[in-house]
Amino acid sequence: AQKITQTQPGMFVQEKEAVTLDCTYDTSDPSYGLFWYKQPSSGEMIFLIYQGSYDQQNATEGRYSLNFQKARKSANLVISASQLGDSAMYFCAMREGPGNAGNMLTFGGGTRLMVKP
Amino acid sequence: GAGVSQSPSNKVTEKGKDVELRCDPISGHTALYWYRQSLGQGLEFLIYFQGNSAPDKSGLPSDRFSAERTGGSVSTLTIQRTQQEDSAVYLCASSLFGGFDGYTFGSGTRLTVV
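Keeping their order, the protein sequence lines are chains A and B. The numbering used here puts the first sequence at residues -10 to 106. The numbering used here puts the second sequence at residues -17 to 96.
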């Protein structure tokens, strides 16, 4: 089974509107971390936001927030007030095990977001 | 250095030749990871080094692929007898802890096998 599933290969959003990128995950480890990365056409991987499995509050970073629904094993990324520069690939990733173990990240297949002017 | 450095940024090689890709992690980062990204795809885990522990090689696609990390710092990914399906971007990342900002990626090496 896929550990990280991103069901939206591509999405359009109108500039200034909010958009939600879906991510579901599968793990039996009680300690894990969820990450979102942005990859523009330049190819660099830009860290956006992180949610730990024991975090009580949903993570927020500026215009990015993570809608963490633990029972449903979903970790959707919400981008508010979309900007043209948000057009990129977005990857959801999971680290299984505690943060001090330095375990590898497993990535989903990505969602290509295109912001329309 | 300030970030994860990878070299070369681009590599074109003939089928059947060996290639070496280099990753210089952030100083002090104990963990180093190699990923492969084929065109339009997600990141595929290849190998992971953590401190002095034996590397996790579970993602290497064949025995043509190998990697080493010398002195707990610089890593080299070697692909022997390259095939066209090896064409991809090879990304390296390093981390101290796997916490909220623990994974820093390099800019990648784009490998093209002709």
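Just so you know, even glycine gets a beta-carbon here, dropped at the ideal spot from N, CA and C.
| task | Please decide whether S69 (chain B) counts as near chain A, where near means a Cβ-Cβ distance under 8 Å. | result | Residue mapping note: residue 69 (chain B) aligns to position 87 of the second sequence, counting from 1. With 8 Å as the cut-off, S69 (chain B) does not count as an interface residue toward chain A.
| task | Inspect the beta-carbon positions of T60 (chain B) and A75 (chain B) and report whether they are closer than 8 Å. | result | Start at 1 with the first residue of the second sequence, and residue 60 (chain B) comes out as number 78. Start at 1 with the first residue of the second sequence, and residue 75 (chain B) comes out as number 93. Result no, Cβ atoms of T60 (chain B) and A75 (chain B) do not sit closer than 8 Å.
| query | Alpha carbon to alpha carbon, how far is K(-7) (chain B) from K27 (chain A)? | reply | Numbered from its first residue, the second sequence carries residue -7 (chain B) at position 11. Numbered from its first residue, the first sequence carries residue 27 (chain A) at position 38. Each residue's alpha carbon lies about 24 Å from the other.
| task | Note down, in chain order, every chain B residue with its Cβ under 7 Å from the Cβ of E4 (chain A). | result | Start at 1 with the first residue of the first sequence, and residue 4 (chain A) comes out as number 15. Within 7 Å Cβ-Cβ: nothing; E4 (chain A) doesn't reach chain B, min ~24 Å.
| In or out: D18 (chain A) buried (at least 16 other Cβ within 10 Å) or exposed? | Taking the first sequence and counting its residues from 1, the one referred to as residue 18 (chain A) is at position 29. Exposed.
| said: Going by C-alpha to C-alpha distance, which of B:S40, B:G(-15), B:W16 and B:Q19 sits closest to P7 (chain B)? | reply: Your numbering for residue 7 (chain B) matches position 25 in the second sequence. Nearest C-alpha to P7 (chain B): B:G(-15).
| Which value, in whole angstroms, describes the spacing of the CA atoms of S77 (chain B) and K59 (chain A)? | The count along the second sequence starts at 1 and reaches residue 77 (chain B) at position 95. The count along the first sequence starts at 1 and reaches residue 59 (chain A) at position 70. Whole-angstrom Cα-Cα distance: 25 Å.
| said: Check whether chain A comes within 8 Å of S(-11) (chain B), counting only Cβ atoms and requiring the distance to be less than that. | reply: As a position in the second sequence, residue -11 (chain B) is number 7, starting the count at 1. With 8 Å as the cut-off, S(-11) (chain B) does not count as an interface residue toward chain A.
| task | Tell me the start and end of each unbroken beta strand (DSSP E) in the segment 8 to 56 of chain A that is at least 3 residues and wholly inside, in chain order. | result | 8 to 10, 21 to 28 and 35 to 41
| Just by C-beta distance, which residues in the segment 28 to 48 of chain A are closer than 9 Å to chain B? | Q28, S31, G32, E33, M34, I35, F36, I38, Y39, Q40, G41 and A48
| Boundaries of the beta strand (DSSP E) in which S(-8) (chain B) is found, first to last residue | Your numbering for residue -8 (chain B) matches position 10 in the second sequence. Checking the sequence shown, residue -8 (chain B) turns out to be Asn, not Ser. Where N(-8) (chain B) is concerned, the enclosing beta strand (DSSP E) stretches over N(-8) to T(-5).
| Are the CB atoms of W25 (chain A) and L73 (chain A) nearer to each other than 8 Å? | As a working mapping, residue 25 (chain A) is identified with position 36 in the first sequence. As a working mapping, residue 73 (chain A) is identified with position 84 in the first sequence. No; because the gap between Cβ atoms is not below 8 Å, this pair is not in contact.
| said: On the criterion of 16 or more Cβ atoms from any shown chain inside 10 Å, does M103 (chain A) qualify as buried, or is it exposed? | reply: Here residue 103 (chain A) corresponds to residue number 114 of the first sequence, with the count starting at 1. Result: exposed.
| query | Does F80 (chain A) get closer than 8 Å to chain B when you measure Cβ to Cβ? | reply | Sequence index remark: in the first sequence, residue 80 (chain A) carries index 91 (1-based). F80 (chain A) counts as touching chain B.
| query | What distance in whole Å lies between the Cβ atoms of Y17 (chain B) and F27 (chain B), which are believed to be in contact at a cut-off of 8 Å? | reply | In the second sequence, the residue the question calls residue 27 (chain B) occupies position 45. In the second sequence, the residue the question calls residue 17 (chain B) occupies position 35. Rounded, the Cβ-Cβ distance is 6 Å, consistent with contact.
| task | Go through the segment -9 to 66 of chain B residue by residue and report every complete run of the beta strand (DSSP E) that reaches 3 residues or more, in order. | result | -8 to -5, 1 to 6, 13 to 19, 25 to 32, 47 to 51 and 57 to 61
| said: Here's the rule I'm using: 16 or more other beta-carbon atoms within 10 Å means buried, otherwise exposed. How should R84 (chain A) be labelled? | reply: Position 95 of the first sequence, counting from 1, holds the residue named residue 84 (chain A). Buried, since its Cβ has 16 or more Cβ neighbours within 10 Å.
| message | Alpha carbons only, please: which of B:S(-9), B:P(-10), B:Y72 and B:V95 is nearest the one belonging to L42 (chain B)? | response | Here the question's residue 42 (chain B) lines up with position 60 in the second sequence. The option with the nearest alpha carbon to L42 (chain B) is B:Y72.
| said: For S57 (chain B) and A49 (chain B), which I take to be in contact (beta-carbon distance under 8 Å), what is that distance rounded to the nearest angstrom? | reply: In the second sequence, counting from the first residue as 1, residue 57 (chain B) sits at position 75. In the second sequence, counting from the first residue as 1, residue 49 (chain B) sits at position 67. Right, their Cβ atoms sit about 6 Å apart.
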